[in-house]
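In our numbering, the protein residues as written are 124 to 451.
Every residue, glycine too, gets a C-beta built ideally from N, C-alpha and C.
Because the structure is a prediction, the values reported are computed rather than measured.
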Ligand code: DP6
């Protein structure tokens, strides 16, 4: 990393959804995941973030979608960047999502990835992609993956300092085009956010040790299926990891139930479509939205079917997105 003069910078990072899920932390302070994960980056959902470090202001300010939000969690993150750059300046951060914030569409992933890139550049740091991934991870675990486009693997790492807990690309977006249909079943922010849902899991779920122990095999199976471009195995592993995650969530004290009636109806609709011959598989994160994964040529048909499910309010269709990048 090398220092350069300070001027504001704007970055775009795309949201991602995990095929093999991350849930649980081996170190809460450094936000080190207990398990690795594999995701796809989405071109249709992204965050643009502009950061400027200024000498004349006495506190950080953060606007999301034109509204001022509590800057405290972002100050903690910006402090990491100020420490590396050797600067004291406070920052003005402005961020826009092109999709609803905090409703299970991974705004923290694209948000922290865009913030990491824009803030490093604005602080005059020449940070490489691996370092950006580790920084973004400290904002949100899934954000480490949004530094990269296409298909991405996040490594759990073993080191206590987190130097081996970063994401890496497996395939670029053009190497194996995939489609995603997002079915929105609730526009409101989720009730229990991921960080709260994962806190103290070892004590709160009897299934947690089994979840962590099996993860390396699930990741290896997914890596192999991706390398072979074996969509049916990728899809089957994706549904398995999703259902296992939600089994873990349901087993937590108190139980975490993120699904509503439309979530379940959309899951059945995806399976019925598959039984009728269209290769499509679902996944669901810490929220009620259903994401259906299929070949790009099937997204139109999948979107029509899930849009007709009672309780589905809206659908978004996406392909695979690019690396996080600077806009100016
Ligand atoms: C269910 O990355 O939002 O979406 O690290 O606490 O910010 P924090 O959690 P976050 O959790 C994502 C959980 C998930 C699965 C996944 O994206 O792998």
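- Assignment of residue 416 by DSSP, reduced to helix, strand and coil, places it in the strand class.
- A straight-line Cα-Cα distance of about 51 Å links residue 329 and residue 178.
- With a contact defined as Cβ atoms closer than 8 Å, residue 417 and residue 403 qualify at about 4 Å.
- Your pair residue 346 and residue 291 does not check out as a contact, with CB atoms roughly 11 Å apart and the cut at 8 Å.
- Beta-bridge annotation (DSSP): residue 306 is paired with 413, 438.
- For residue 170, no alpha helix (DSSP H) segment is defined; the enclosing uninterrupted segment is the beta strand (DSSP E) at 160–177.
- Look at residue 281 here: in three-state DSSP terms it is coil, with no helix or strand label.
- The ligand DP6 has no heavy atom closer than 8 Å to the beta-carbon of residue 257.
- Checking the 8 Å criterion, the Cβ of residue 293 is out of range of every heavy atom belonging to the ligand DP6.
- Shortest gap from the CB of residue 382 to any heavy atom of the ligand DP6: 8 Å or more.
- Annotated as distal: residue 406 and residue 161, with beta-carbon spacing of 9 Å or more.
- Placement of the Cβ of residue 146 at a distance of less than 8 Å from at least one heavy atom of the ligand DP6 is found.
- Residue 404 sits in a strand when the DSSP states are folded into three classes.
- Shown here, residue 341 sits in a helix according to DSSP, grouped into three states.
- Nearest neighbour of residue 129 by Cα position, chosen from 223, 247, 320, turns out to be 247.
- A buried status is given to residue 296, since no fewer than 16 other beta-carbon atoms sit within 10 Å of its beta-carbon.
- In the DSSP assignment, residue 319 falls within the alpha helix (DSSP H) that extends over 317–321.
- Selection 187, 214, 150 evaluated against residue 181 yields 214 as nearest (Cα-Cα).
- Here residue 310 is not near residue 154, since their CB atoms are 9 Å or more apart.
- For residue 297, the three-state secondary structure derived from DSSP is coil.
- With contacts defined as CB atoms closer than 9 Å, residue 447 and residue 240 qualify as a contacting pair.
- Residue pairing by DSSP puts residue 448 in a beta bridge opposite 135.
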